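Student: Numbering (the numbering used here), first residue to last: 38 to 129.
We put the beta carbon where it would ideally sit given N, CA and C, even for glycine.
None of the values given here were measured: they were computed from a predicted structure.
(1) Between the C-alpha atoms of residue 89 and residue 95, what's the straight-line distance to the nearest angstrom?
(2) Just to check my reading of the structure: residue 67 and residue 75 have Cβ atoms closer than 8 Å, yes? What is that Cβ distance to the nearest angstrom?
(3) Which of the three DSSP states, helix, strand or coil, is assigned to residue 113?
In structure tokens, the structure reads:
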């Protein structure tokens, strides 16, 4: 005897196939549609990550230095000595 139901034997209620299930009376609300969250989930995650990155960048920014970037007076002799050592000797 085969595992398939014969036309003479009625099917039990638990043997219904998905195509035999009745259609829902009302459609699901928009927020309960799984495809909606698959489509909107990626862009929403990017927006949240961008806002978090902006907050981290603003809160952790480096302060602006008010002094100039000229070498200090104590470095001047060392710089002059380096430059003097690097210049070639004039030929006599």
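Tutor: Straight from the coordinates:
(1) Within the chain shown, residue 89 is the residue found at index 52, counting from 1. Within the chain shown, residue 95 is the residue found at index 58, counting from 1. Cα to Cα, the separation comes out at about 10 Å.
(2) On the chain shown, position 30 is the one that residue 67 refers to. On the chain shown, position 38 is the one that residue 75 refers to. With 8 Å as the limit, residue 67 and residue 75 do not qualify as a contact, their Cβ atoms being about 14 Å apart.
(3) Counting from one through the chain shown, the residue named residue 113 turns up at place 76. Helix at residue 113.
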